[in-house]
Every structure is written in structure tokens, then in C-alpha cells.
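Before any comments, here is the structure.
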Amino acid sequence: MNHLYLLPFLLCIMAGLPALGQADGSVRGTLKDTAAHVPVGDATVTVLDVRDSSLAGFGRSSASGGFEVSRLRRGAYRLLISHVGYRPASRNFEITEQAKEVALGEIVLTDKSSTLDAVTVQQEAPPVSMRHDTIEYNAGSFHVKPNAVVEDLLKKLPGVQVDKNGNIKAGGEQVKKVLVDGKEFFGNDPKIASKNLPADAVDKVQVFDKKSDQSQFTGFDDGNSQKTINLTIKKDRKHGLFGKLTAGGGRDAGNAAGGFGDDAVRDSRWEAKFNLNQFQENRQLSALGMWNNTNKQGFSFLDVLGFNNGGGIGGGMGGGGGRTLLDGGSGVPLQDLAQSSQAITTTKAGGLNFSDSWRGGAEAGGNYFFNRADDKVRQKEAKQYLSPQNSYNQDHAGVTDRSNENQRLNVFSDIRLDSFNSVKFTSAFTYQRSNSLSSAIDSSRSRDGNELLNTSASNTLANNSGYNWNSTALLRHRFARKGRTFSANLSFGLSDNSGGGKLYSVNHFYKAGGADTLNQVYDLSGHGNNYGVVLSYTEPLSKRSLLEANYSFYQSHNLTAKQTFDADLNGKFTQPNQQQTNDLRNTYTYHREGLAFRHQRTGFNFALGATLQQAASVNSFGYIAKDSLLRQSFRNVLPNALLQYEITKYQHLHLQYITYTNQPSLTQLQPVPDNSDPLNIKAGNPGLLQEYYHSLRLNYGSFDPFRRTSFIAMLGYNGIRHRIVNDDELDSVGVRTSRPVNLDGLYQVNGFISWDFPLRSIRSTVNLKSDLSYDHNASLVNGARNNGNTWTVGQGADLQFSYKGLLDISGGARVEYNDARYSLQPGQNQHYWTETYTLDFNWYLTKVFSLASDLDYTHRSGLPAGYNSSPLVWNAGAAAQVGKHKRGMFRLQAFDILRQNTGFSRNTSQNYIDDVSYQVLNRYWLLSFTYSISRFAGKAVKGGMERMGPDIKFVR
38 MNHLYLLPFL
48 LCIMAGLPAL
58 GQADGSVRGT
68 LKDTAAHVPV
78 GDATVTVLDV
88 RDSSLAGFGR
98 SSASGGFEVS
108 RLRRGAYRLL
118 ISHVGYRPAS
128 RNFEITEQAK
138 EVALGEIVLT
148 DKSSTLDAVT
158 VQQEAPPVSM
168 RHDTIEYNAG
178 SFHVKPNAVV
188 EDLLKKLPGV
198 QVDKNGNIKA
208 GGEQVKKVLV
218 DGKEFFGNDP
228 KIASKNLPAD
238 AVDKVQVFDK
248 KSDQSQFTGF
258 DDGNSQKTIN
268 LTIKKDRKHG
278 LFGKLTAGGG
288 RDAGNAAGGF
298 GDDAVRDSRW
308 EAKFNLNQFQ
318 ENRQLSALGM
328 WNNTNKQGFS
338 FLDVLGFNNG
348 GGIGGGMGGG
358 GGRTLLDGGS
368 GVPLQDLAQS
378 SQAITTTKAG
388 GLNFSDSWRG
398 GAEAGGNYFF
408 NRADDKVRQK
418 EAKQYLSPQN
428 SYNQDHAGVT
438 DRSNENQRLN
448 VFSDIRLDSF
458 NSVKFTSAFT
468 YQRSNSLSSA
478 IDSSRSRDGN
488 ELLNTSASNT
498 LANNSGYNWN
508 STALLRHRFA
518 RKGRTFSANL
528 SFGLSDNSGG
538 GKLYSVNHFY
548 KAGGADTLNQ
558 VYDLSGHGNN
568 YGVVLSYTEP
578 LSKRSLLEAN
588 YSFYQSHNLT
598 AKQTFDADLN
608 GKFTQPNQQQ
618 TNDLRNTYTY
628 HREGLAFRHQ
638 RTGFNFALGA
648 TLQQAASVNS
658 FGYIAKDSLL
668 RQSFRNVLPN
678 ALLQYEITKY
688 QHLHLQYITY
698 TNQPSLTQLQ
708 PVPDNSDPLN
718 IKAGNPGLLQ
728 EYYHSLRLNY
738 GSFDPFRRTS
748 FIAMLGYNGI
758 RHRIVNDDEL
768 DSVGVRTSRP
778 VNLDGLYQVN
788 GFISWDFPLR
798 SIRSTVNLKS
808 DLSYDHNASL
818 VNGARNNGNT
828 WTVGQGADLQ
838 FSYKGLLDIS
848 GGARVEYNDA
858 RYSLQPGQNQ
868 HYWTETYTLD
878 FNWYLTKVFS
888 LASDLDYTHR
898 SGLPAGYNSS
908 PLVWNAGAAA
918 QVGKHKRGMF
928 RLQAFDILRQ
938 NTGFSRNTSQ
948 NYIDDVSYQV
958 LNRYWLLSFT
968 YSISRFAGKA
978 VKGGMERMGP
988 DIKFVR
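The numbering of the sequence shown is our numbering, which starts it at 38 and goes up by one.
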């Protein structure tokens with residue numbers, strides 16, 4: 038079977054396991070004071086392999102002075118003993134087949150009051166540890182390339198996943214924030230920190246669920262926590278300036294893969310970027326910028342106004358508190374098979390970030406970030422619609438040129454007024470502008486007789502602009518009695534957006550024997566405001582128990598309007614199109630009253646609570662010269678529970694249950710049809726109900742700092758009532774009309790396991806990852822319910838090897854199986870495998886010269902003909918350091934040498950299967966120069982790495 042390609046890799050790992058099985062040796066002894074001859078407890082006992090001084094194990098002495106370090110393999114070792122009040126001591130010993138257990142007897146330690154020799158023993162921190170509800174990784178325990186960024190470090194951490202687009206998951210949850218020393222870094226965009234900060238500046242990586250500011254103050258989780266990563270910076274980097282400047286240019290070999298364009302086209306490639314960071318104790322100042330046409334983005338494009346949602350103007354509204362633990366989309370994505378970005382992009386971006394804190398508890402900061410992305414999209418699409426009646430296939434070929442521009446400004450201040458009162462202000466402003474020009478040719482054929490149903494040729498033009506501004510003020514007061522607090526969180530927001538476009542489309546319907554031409558322009562506008570307050574009061578019931586009473590109020594007002602005009606006989610747009618014109622006014626209000634109880638003991642705490650939510654939605658809309666009013670009211674009880682249990686010092690259990698509601702967006706409510714794609718028409722539904730979520734998540738973590746192993750597991754469940762899904766009507770001439778509706782009985786389950794352990798026999802580290810997800814979803818097709826059940830099962834293994842600073846090798850393999858089954862059309866069930874293999878090495882030939890290469894191989898099976906491709910993407914390059922202190926580096930890189938990078942993706946929902954091929958960036962070379970800036974405490978630091986030579990890293 039093709040999907041068994043992973044077996045050789047796994048067998049290589051298993052071949053080393055017998056060596057682990059021989060790790061049954063141990064050493065023990067007793068520590069005594071040289072003068073008083075009393076036991077010495079809490080001393081650190083470290084065992085080093087005499088061959089390379091690598092750490093073989095460590096532990097601590099008990100109160101009686103006894104210690105034992107077990108699980109040692111055959112070999113010679115050196116035992117080091119250190120204690121804050123005594124001189125270090127050492128002993129050599131050997132584990133053999135005849136002497137597996139070594140007893141060193143009594144070891145006498147000399148008090149430090151005696152003359153000390155110049156002996157220094159440095160204890161190695163454990164690679165993974167648990168501090169309450171925070172998983173902490175010691176960055177120095179995970180080897181990365183010398184010029185690596187934080188994203189490369191995160192990929193090495195057990196329990197952390199980074200996909201090809203730079204999205205980060207920790208313990209199976211999407212990471213929403215990356216902090217630097219506990220402070221925000223360029224707002225809420227995790228990619229800015231992960232893709233720009235150097236990995237060698239990081240001391241610790243901490244992963245935790247960051248509660249809202251109000252929850253941190255009260256001690257009660259309000260359900261608005263976010264998975265967060267905090268990067269602590271090394272102390273020596275907090276007293277100077279560090280960063281990098283890079284510029285380079287090259288040329289490609291044409292980008293006509295997949296049948297797009299002319300193979301003879303040769304485009305120039307360039308990239309320039311810089312990042313500068315100045316950290317002074319509590320002060321942080323960072324600047325970064327980039328300009329390239331090599332599809333490299335060091336940020337996330339935030340579509341806060343929904344401009345990329347089919348050309349309309351809309352957005353979400355407050356839903357009643359809580360977070361989405363699992364993907365809540367209406368489709369059932371099997372897997373995105375894309376090898377790279379679905380466009381060739383020119384990117385410009387830059388920004389500044391500042392934060393500082395002062396004595397007395399005052400803290401302030403802000404950031405500004407600008408980005409622009411110009412995309413060239415060339416796509417071909419084959420879509421199969423699943424319906425017992427009127428089932429057909431649709432082919433699409435499209436060309437799109439678009440630009441998106443985004444400017445963000447965030448400021449905050451946190452001021453401690455006195456020992457009992459404090460106030461925190463935050464404000465976030467985003468301005469967004471976009472425009473696009475598209476041309477497309479579409480055709481549909483019946484699935485039974487391959488009869489041509491329709492053809493369509495269309496040209497569209499769209500442009501939008503707008504802003505979004507949100508501000509909060511959090512007032513906090515502590516009473517004299519410990520645990521008694523009062524807080525008020527006030528919020529206010531404004532939004533405004535406008536846009537328009539033009540559509541010209543010629544459509545032929547062969548089965549019905551007709552044709553039509555659409556030639557129209559439209560104008561869009563939207564305005565909104567919202568305001569709310571959250572009040573919280575906590576009262577201690579005892580030293581271990583706390584009660585919270587809270588009240589929340591929120592109201593939003595939104596107006597969205599669309600006006601459409603058809604061309605008259607003279608080609609002027611003077612004729613109003615009533616079916617494409619409407620306005621919608623929405624007012625959404627909720628009141629919430631809640632109680633919560635929290636109890637805490639050493640190693641154990643739990644919280645129970647419930648909220649009564651009363652919500653109302655008023656929709657007033659005008660459509661086809663008729664005004665309508667729809668009022669809806671909702672009453673829900675929202676229970677929540679939290680349990681945290683410290684089983685041992687290195688074993689932790691975390692269980693959380695929350696409920697929340699999700700209000701439909703304006704786009705989903707707006708009843709006017711969107712005919713920008715004449716063969717796929719979308720319309721809203723003003724009668725939609727809000728979704729109600731039950732979310733349960735169980736996390737378990739186990740860490741052994743002595744064996745340097747970690748085990749992380751997660752299990753999650755989402756049950757959704759009134760879930761918003763699509764209702765598709767497929768007619769006999771091949772036109773689909775889709776509108777959102779509510780369905781019940783839908784749920785999701787997912788699980789994740791990560792096991793990290795050393796393979797000392799080959800001086801490597803292994804990480805095994807398993808994940809499982811199941812999605813029971815549904816939609817409507819021509820009025821009939823189509824249930825979809827999707828399984829995704831994945832198994833991966835990664836191995837890291839480093840040899841004496843001369844050679845770094847890392848490899849990985851992953852097999853994923855996808856299974857999707859449908860109730861209406863079982864013949865369209867999908868089953869396919871995807872295997873991914875990676876190999877990456879750096880060879881440091883001299884102190885100034887190195888070679889590098891990486892391979893990515895993907896094998897697919899079970900897909901339709903033409904999509905079971907197996908591309909092998911090979912990159913290679915060389916790097917040389919130059920100049921004083923080796924701070925300059927030339928790099929010559931060649932990307933996709935074999936020119937096999939392909940653009941394919943599959944997207945599957947209950948109602949269709951969509952196979953897409955698209956133009957990608959293929960083979961090109963790039964020569965670049967990088968200058969490293971490192972000045973600390975007034976001294977220049979060499980740019981050379983702690984290796985034989987410089988490093989080269991490939992960024993896609």
C-alpha cells in the first residue's frame with residue numbers, strides 16, 4: 038500500500054529502541070556534611086557521559102541525604118554534586134553488564150566557608166516543565182539554526198504545531214497571541230513575532246490560556262481566554278540593540294506550472310527586510326519592514342471588515358461570550374493539499390512597536406503596522422455538486438489581480454492609581470482598503486449524460502475601504518479584605534465602510550434554450566457602533582473559597598445597504614435593479630447575570646458558574662420596494678466549569694466546560710442576492726437564529742525532567758445547536774442558489790497526543806505526534822438534509838540530530854488519512870491518504886562557510902486522476918561570513934531546483950467537492966547579503982555563530 042511509505046522511517050526509530058531497553062543501570066549514594074557529619078538534602082546530582090559530557094540524568098538528594106539516578110545505559114559516567122552551601126564534588130563510575138547498580142556509599146561535602154577552588158558546575162534546565170497551568174519550554178534545549186526565527190524554534194517544541202502558512206497550534210488549539218516578556222508585540226498578530234524575532238534571543242517559551250484582563254483581576258474565567266505564547270528574552274539581550282538587515286535579488290525559471298501562462302516568462306525576484314530591537318529592562322522598542330515578490334509574509338492580513346467575503350460588506354456581532362474551541366465553519370474541510378500560496382504576491386510592510394513600565398505599576402505602549410499585498414491569482418477549478426436530483430459538474434478558469442492594504446494602530450496604558458485602584462485603557466484602530474479585477478469562464482455539465490448545461494463569461498471589478506475602531510476602559514478596585522474586589526469594563530466601538538463594483542457577464546443556458554447578459558454597477562455602504570459594560574464583584578467566603586457575581590450589557594447597531602443599477606440601451610447605468618438593492622438595519626442587545634464559585638487548595642482548584650443570557654435581535658430591511666420588520670428574542674442558560682489538578686509535581690490535569698452563543702453576521706442576514714458569480718448565487722437569511730455551543734476540553738501533561746521526556750494529550754468536544762449551514766438549491770440548468778439556515782444535531786470531536794523523548798544511542802531527539810478529528814455536519818440540498826461524517830487521522834514522527842557543531846540534520850514524516858461520507862450521495866464518499874516527508878541539513882565546512890539543503894516530498898493517493906501528484910521540492914544553498922566580527926553574510930540559494938512545486942487543493946463540504954489547481958512560484962535563485970547588528974552594554978558582539986560556519990535557512 039502506498040501509504041506505508043512511513044514504515045522505513047518508523048523502523049529506523051524502532052531500531053534504536055533496544056538501546057533504550059538497556060537503560061537499566063543506576064547509581065546511588067548518601068551525602069554528608071564534612072564537619073557536622075549530618076545529611077545534606079536538596080543537593081543537585083548530575084550524571085554526565087564522559088565521552089561528550091552530555092547529560093545522562095540528574096536528581097536531588099532527599100532530606101536524609103540519599104540520592105539515586107536510574108535508567109542509565111552501559112558506559113562510563115561522571116557524577117557531579119552541587120549545593121548552594123557546599124563545594125562541588127565529583128565521582129567517576131561505570132555501568133557494566135556485571136555491575137548494573139553502582140553504590141558510591143557516603144560522599145562527604147566540604148562547607149563553602151573553606152577555601153574554594155575555581156570550579157564551576159552549571160546545571161542544565163529541563164527542556165519542558167509545568168508551572169501551574171503554563172507549559173514552559175527551555176529554548177536552549179531545542180537546537181535551531183543560528184539565524185533562525187522564533188517560528189523555527191516553535192516547530193521543534195513538543196505539543197506545538199506550525200503549518201505551511203505560519204499558523205500556530207499548541208495542544209491542538211489555535212494560538213491567538215504571542216507576547217514578548219508578557220507584553221503585546223504588534224497587537225494581536227502572532228505571526229509578526231514568530232516570523233521576525235530571532236530565536237537565539239529567546240530564553241523560555243511559555244504556553245498558556247491567557248484570560249481577559251478582567252478575569253485575571255477577579256480570578257474567574259469569563260470564557261474569553263485565548264491560547265497564548267509568551268517569549269521571555271535572555272537577560273543579555275535586554276541591554277542593547279540587536280537585529281538584521283537583508284537585501285537580495287535573483288531571477289526565476291518561469292512560473293507556468295499547471296498550464297498557466299508562457300514557460301518562457303522570466304521574472305526578477307527580490308527581497309529586502311530589516312528588524313531592529315532595543316530592549317532596556319522593561320522598555321521594548323522594535324521596528325521592522327519588508328518588501329519582496331517571493332511570497333514571504335511576516336504577518337497576518339486581518340480582514341476585519343469582511344471585504345474578502347464574496348465582495349460584500351458585513352461582519353460579525355457580539356455573541357454572548359466565549360471562544361470557539363474547534364473550527365465552526367459550515368463546511369467539512371478534508372485537507373488543504375496546497376504546497377504553497379495560491380497566488381504570486383508582492384508584499385510591502387513595516388511597523389513600530391513600543392512598550393514601557395515604570396515604578397509604581399504604570400505601564401504603557403503602542404504599535405503601528407502597515408502592510409500591502411498585491412496578488413496575481415491564476416486558477417482552474419473542477420467542482421462536483423452532490424444532489425440526488427440535478428447533480429452536475431462545473432469547470433472554472435479564472436484570473437484575478439487584487440490588492441489589499443491594511444493599517445493598524447494600537448495603544449494601551451495600565452495605571453496603578455494607589456494600592457487599591459487601577460485603570461487600564463486600550464484602543465485599536467484599523468483602516469483597510471482593497472480592490473480587485475477578475476475575469477472568469479465557467480461551464481456546467483450534467484453528471485449522468487455529460488450534457489452541456491450552461492456557459493458563462495464574466496468580468497468583475499470591486500473596491501472597498503473602511504475603518505474599525507474599538508476602545509475599552511477597565512476600572513479595578515481592591516477592598517481592604519483580601520479577595521473582595523469590584524471591576525467595571527467599559528467598551529465602545531465604531532465602524533464605517535463603503536465600496537462598489539461592476540459586473541459584466543454573458544450567460545448561456547442550453548437546456549432551457551435561453552441566454553442573458555448582466556451589465557450592472559453597485560454601491561455598498563455600512564455603518565455600525567457598539568457599546569457595553571461588564572460589572573464584577575468578588576466576595577471571599579473563606580481562605581480557600583471565593584464567590585463572584587457579574588452583570589453584562591451589550592448593544593450593537595449596524596446598517597448595511599446595497600444599490601444596483603443596470604445599463605440602459607445607451608450603456609449608461611440609469612435603471613435601478615430592485616432585486617439587487619436593499620438595506621438592512623440590525624440592533625442586537627443582550628443582558629447577562631451570572632454567579633460563580635471558586636475553591637482552591639494546594640495542587641487542586643475548581644470553579645463552577647452559570648449565566649442567564651437574555652438577547653434580542655431586531656432586523657429592519659427594505660427589499661423590492663417593501664419594508665419588513667423581524668424581532669427575535671433568545672433566553673439561554675450558559676453554565677461553565679473549570680478543574681485544575683496537579684497529580685504530581687510533573688503531572689497536571691486540566692478540564693474545562695463552557696457554553697456560549699454566536700450571533701449571525703450581517704452578510705448572513707442580508708436578504709439581497711449576490712450574483713457576482715452568476716452560476717453560484719448567494720443570499721442571506723434575516724430569520725437566522727443564534728448558534729449555541731457546548732464545549733468541553735480535557736488536557737493532560739506529564740514531564741520527566743530527569744529523563745528529558747514529555748507527554749501532552751488533549752481531547753475536545755463541541756456540540757452545536759442551531760448551527761448555521763448552507764441550504765443549496767441546484768436547478769436543472771446548472772445554477773446554484775445558496776442561503777444560510779439553522780440545523781441541529783451537529784458536533785465535533787478532536788484529540789491530540791505528543792510524546793517527546795531522547796534517543797541517546799544515536800544522540801538524537803524524537804517526537805511522535807498523533808491527532809484525530811471527527812466532524813458530524815449537515816446541510817440542505819434541494820430541501821433534503823445531507824449528513825456528512827468526516828474522519829481525519831494523522832500520525833507523525835520527527836527526529837533531530839546534531840554532531841559536534843559540524844552537522845545538523847532533522848527529518849520528519851507524517852501520514853494522514855481522510856474519510857468523508859454523505860447520506861444523500863454515498864457514491865461521492867471520499868477516502869484518501871496524504872504522506873509528507875521532510876529532510877533538512879546544514880553542513881558547517883569551515884568557520885565561515887557552510888552548505889545547506891532541504892527536501893519536501895508529498896505523496897497523495899485516493900484522489901481523482903490528475904490530483905494524485907507526488908512533488909519533490911528541493912532547495913539548496915551556500916553561505917559565507919565576511920567582515921569584521923563576521924557580521925556580514927552572503928547567501929546564494931536555489932529554490933525548487935527540480936521544478937516540481939505544484940498548486941493543488943481539495944475543499945469538500947456536504948454539498949460539493951472542489952478540486953483546484955493554481956499557479957505557484959516555481960524554481961528561482963536568490964543572492965542576498967545580511968548584516969547582523971548586535972550591540973549590548975556598549976560593546977559590539979561578533980556575528981559569528983557557535984558553530985564551525987554560518988547558517989542558511991530556507992523560508993517559503
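Positions of the beta carbon are idealized from the N, C-alpha and C atoms, including for glycine.
All values reported here derive from a predicted model rather than from experimental measurement.
Spanning the alpha carbons of N712 and E488 requires a straight line of approximately 24 Å.
Exclusion of the five residues before and after W911 leaves L892, I934 and L935 as the residues of its chain whose Cβ lies within less than 6 Å of its Cβ. In the DSSP secondary-structure assignment, D812 is bridged to Q785 and T827. For the pair D218 and I270, the CB atoms are nearer than the 8 Å cut-off. Ranking K420, D148, S965 and Q669 by CA distance to the CA of V121 puts D148 first. According to DSSP, K461 shares a beta bridge with D451 and L511. For K271, no alpha helix (DSSP H) encloses it, and the DSSP letter there is neither H nor E. Per DSSP, S593 is one residue of the beta strand (DSSP E) stretching across S582 to A604. Between N500 and N472, the C-beta gap is smaller than 8 Å, which places the two residues in contact.
Runs of the beta strand (DSSP E) lying entirely within the stretch 888-937, each at least 3 residues long, are 909-919 and 925-932 in chain order. Within the stretch 703-734, the runs of alpha helix (DSSP H) at least 4 residues long that lie entirely inside it are, in chain order, 703-706. In the structure shown, the three-state DSSP call for R797 is helix. With a cutoff of 8 Å on beta-carbon distance, Q243 and E173 are scored as near each other. G224 sits in coil when the DSSP states are folded into three classes, being neither helix nor strand.
Of the other Cβ atoms in all chains shown, 16 or more fall within 10 Å of the Cβ of S428; this residue is therefore buried. In this structure, DSSP gives I970 an extended state, which the three-state scheme calls strand. Here the C-alpha atom of S816 lies approximately 19 Å from the C-alpha atom of N430. Classified as buried, H433 has 16 or more neighbouring CB atoms from the shown chains inside 10 Å of its CB.
In this structure, the alpha-carbon of Y730 lies about 22 Å from that of F634.
The beta carbon of A324 sits closer than 6 Å to those of L313 and L389, all from its chain and outside the five residues before and after it, given in chain order. The continuous stretches of alpha helix (DSSP H) do not include D664, which lies in the beta strand (DSSP E) extending over residues D664 to T685.
Cβ contact annotation for R518 (same chain, cutoff 7 Å, sequence separation greater than five): P577, in chain order. Looking at Y840, G849, F886 and L958, the one whose alpha-carbon comes closest to that of Q198 is G849.
Here V187 carries a helix assignment [DSSP, helix/strand/coil]. For Y123, the enclosing beta strand (DSSP E) begins and ends at Y123 to I132.
When the alpha-carbon of R288 is set against those of G280, K275 and E308, the nearest one is in E308. For P613, the enclosing beta strand (DSSP E) begins and ends at F610 to P613. When DSSP reads this structure, N332 sits in no beta bridge, so it has no partner. Bridge partners of G398 according to DSSP: none are assigned.
Residues R409 and R470 of the same chain have their beta carbon placed closer than 6 Å to that of E442, with the five preceding and five following residues left out of the count. Here T554 has V543 as same chain residues with Cβ atoms under 6 Å from its own Cβ, once five neighbours each way along the sequence are excluded. Under DSSP, the beta-bridge partners assigned to G62 are L109.
According to DSSP, E872 shares a beta bridge with V852 and H896. Here S670 is exposed. Its C-beta has fewer than 16 other C-beta atoms within 10 Å.
Beta-carbon to beta-carbon, R797 and R110 are separated by about 7 Å, close enough to satisfy the 8 Å threshold. For V244, the enclosing beta strand (DSSP E) starts and ends at V239 to K247.
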